[in-house]
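One structure is given below, encoded as structure tokens.
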Ligand code: B4P
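In this note's numbering, the protein residues as written are 134 to 352.
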């Protein structure tokens, strides 16, 4: 069959596009660091992004930044945070969507404290699909409730965070976690993406456990 130069060019470009798409899927490695409030997501995320060169997306940090700048979004969000409640889905999904668009060239993202509802998980999957990517693994830090409350009360002594100030708010946050956030683990378990990790122990010890699982996935 004879193909004219124009048709040949279209075939070449299509082939190039398909191979680039494949490369993008292969290169992006996206982690969700999952766990209850105080399980050490923020602590471990800082170390993981440094080791693996990922972009750290913490919805908690993004919301606190908005609050500091006194933006309308920050002021609205703070009312929920102060009561130990979740900020509405559309607010955090919008923030994550913008952050994904701001980092088109990354080799992957580490999502810390997001998704916190099944609606957020579904939205994240759709956003990544648009980028020809997906969640590679969900690392679930398991810590018992009394240890969590102890850590958060302790953090409250120096953090200045309004949601750390009071033990009743801590208990409320743990309750919200069980009702609204834990179903996210079930959602990703169905997709066989969840690995549970013991979140009790020294910070470096837990970091080694997380790294060992990531290294296995990357190979
Ligand atoms: P976040 O900022 O996500 O914070 P977090 O859950 O409180 O803590 P994290 O698990 O990161 O624990 P950390 O490392 O600090 O959320 C804050 C609020 O923002 C939420 O309540 C919600 O209102 C809102 N929000 C955020 N994301 C949202 C979303 N997607 N949807 C809706 N609302 C959202 O560790 C805790 C303490 O333990 C620290 O003091 C740390 O030093 C210590 N620690 C860590 N590892 C330890 C270890 N191995 N041993 C002993 N102590 C340890």
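A virtual CB, placed ideally from N, CA and C, is assigned to each residue, including glycine.
For clarity, every value in this text was computed on a predicted model and none was experimentally measured.
Nearest neighbour of residue i, chosen from the options [CA to CA]
i, options, result
"residue 360", "284, 194, 290, 188", "Residue 360 is absent from the model: the chain starts at 134 and stops at 352."
"residue 246", "137, 329, 170", "170"
"residue 224", "209, 324, 216, 217", "209"
"residue 299", "282, 310, 219", "282"
"residue 346", "324, 185, 137", "185"
"residue 219", "334, 348, 305", "305"
"residue 266", "160, 137, 316", "160"
Neighbourhood of residue i by C-beta distance below 8 Å, restricted to the same chain and skipping five residues each side
i, result
"residue 168", "174, 273, 274, 275, 276, 332"
"residue 201", "207"
"residue 176", "336"
"residue 328", "270, 271, 272, 273, 346"
Anticipated Cβ contact below 8 Å, residue i with residue j, distance rounded
i, j, result
"residue 250", "residue 314", "7 Å"
"residue 351", "residue 162", "7 Å"
"residue 269", "residue 164", "6 Å"
"residue 260", "residue 302", "Not quite, the Cβ-Cβ distance comes to about 31 Å (not below 8 Å), so this is no contact."
"residue 187", "residue 241", "5 Å"
Neighbourhood of residue i by C-beta distance below 6 Å, restricted to the same chain and skipping five residues each side
i, result
"residue 278", "307"
"residue 342", "330"
"residue 295", "215"
"residue 189", "178, 182, 243"
"residue 264", "none"
"residue 248", "254, 257, 317"
"residue 239", "188"
"residue 180", "340"
Boundaries of the alpha helix (DSSP H) in which residue i is found, first to last residue
i, result
"residue 258", "251 to 263"
"residue 340", "336 to 351"
"residue 297", "Run containing residue 297: none; DSSP gives neither H nor E here."
"residue 176", "174 to 185"
"residue 207", "205 to 215"
Own chain, CB closer than 7 Å to residue i, minus 5 neighbours either side, in chain order
i, result
"residue 222", "250, 252, 253"
"residue 312", "none"
"residue 326", "268, 270, 271"
"residue 199", "206, 207, 210"
"residue 217", "296, 302, 305, 306, 309"
"residue 213", "219, 220"
"residue 344", "184"
"residue 280", "333"
"residue 226", "253, 256"
The beta strand (DSSP E) enclosing residue i, as first and last residue numbers
i, result
"residue 302", "Element bounds for residue 302: not the beta strand (DSSP E) but the alpha helix (DSSP H), 300 to 309."
"residue 270", "270 to 275"
"residue 330", "327 to 331"
"residue 191", "188 to 191"
"residue 166", "164 to 167"
"residue 244", "242 to 245"
Exercise. Would you be able to state if there are at least three C-beta pairs under 8 Å between the stretch 246 to 261 and the stretch 313 to 328?
Key: yes
Quiz item: Is it true that the stretch 194 to 203 meets the stretch 285 to 293, where meeting means three or more beta-carbon pairs spaced less than 8 Å apart?
Solution: no
Exercise. Take every Cβ of the stretch 201 to 211, pair it with every Cβ of the stretch 233 to 246, and state whether three or more of those distances are shorter than 8 Å.
Key: no
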